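See structure below.
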Amino acid sequence: MTASNRLWRPWSVLKLALSMPLLLGVAKLCELLIKLTRHGRTPVFPRGHFPWEPRLEAGFAAMRRELDSVLTADAGAIPRFNEVHPLLTVVDAWRSFMLVGYGHRIARNCAACPETAALLSQVPDLTTAMFSIFPPGTRLPRHRGIYSGVLRYHLGLQVPHPDACGMEVAGTPVRWLEGEGFVFDNAYPHEAWNESEEVRVILFLDFVRPLPRGLDRLNRWVIARISRTQFARESQANLEAYYATVDGPRVG
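The opening residue of the sequence shown carries number -6 in the numbering used here; numbering runs sequentially from there.
Okay, here's the thing in structure tokens:
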């Protein structure tokens, strides 16, 4: 089984935090205020809590067809997650077919999955979208996301054995099912695994957390600044370099 005792590189995270004390302070203040809102202490949201969720579930068959095509014909366009994101430790098995990164669409991948891309346009304030791929034996260690101003959505696309694939969020077990989705706050401790002998794939989205107007403005300020950090720039550069190698330098 591929595993590690931590997901983030501690020294890299510390250097990033020390390089932007104002942003870090405002983000912590924002997170404290978020906890005072109606759903600020909700680790896992009820299914269908957001109005766009049923529309994504209705598009399951189309997304699954496009996923199958990618896995068959475009396997070289699926980098390891830690090849793209510099703060992550070595979880070699986890791969990601990126569709949206830091609010920017990945043109070559959206062109390969037009129906999926059209469905994603129905999700307000989308910041990240990808096909998240766990080969057999993959396990992500228990960890927290870096900021609670975004929420995360998972939709099962290829879940061969639901009893052998799953995750835990703040002590609550959650199972992926094909064609069904759920939203959770990834700032809570969580871990995920695929203990089956087949590949598991989900649609993985991050979107801006809906908040009251004043707090929403502060939250969007934090998210915008995070997207301009060295970490974000390196992630985007790594992805561009990967596709330049796969497709040739003329493909952007």
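We put the beta carbon where it would ideally sit given N, CA and C, even for glycine.
This one's a predicted model, so the numbers in the text were calculated from it and none came from an experiment.
CB contact flag (residue 195, residue 169, <7 Å): yes
Those residues which DSSP pairs with residue 37 across a bridge: 177
Residue 206 - DSSP class collapsed to helix/strand/coil: helix
Close beta carbons around residue 43, own chain, < 7 Å, minus the five adjacent residues each side: Counting only Cβ-Cβ distances below 7 Å, and skipping sequence neighbours, we find 176.
Length of the line joining the Cα atoms of residue 73 and residue 31: 37 Å
Assigned exposure category for residue 125 - 16 Cβ within 10 Å defines buried: buried
Proximity below 7 Å, CB of residue 90 to CB of residue 193: no
Simplified DSSP assignment, three categories, for residue 163: coil
Closest by C-alpha distance to residue 59, when choosing among 100, 105, 77 and 25: Among 100, 105, 77 and 25, the Cα nearest to that of residue 59 is on 105.
Between the CA atoms of residue 61 and residue 69 - distance to the nearest angstrom: 14 Å
Same chain, Cβ closer than 8 Å to residue 232, neighbours up to 5 away in sequence not counted: Hits under 8 Å: 72, 77, 91, 94 and 99.
Within the region 46 to 129, ranges of the beta strand (DSSP E) (whole runs, at least 3 residues): Within the region 46 to 129, the runs of beta strand (DSSP E) at least 3 residues long that lie entirely inside it are, in chain order, 88 to 94 and 119 to 127.
For residue 279, three-class secondary structure by DSSP: Residue 279 lies beyond the residue range present for the chain, which begins at -6 and ends at 245; the question has no answer from this structure.
Bounding residues of the beta strand (DSSP E) (the contiguous stretch that carries residue 184): 183 to 187
Alpha-carbon to alpha-carbon, residue 114 and residue 50: 14 Å
Alpha-carbon to alpha-carbon, residue 230 and residue 206: 33 Å
DSSP three-state assignment for residue 230, whether helix, strand or coil: helix
Range of the contiguous beta strand (DSSP E) that encloses residue 194: 193 to 201
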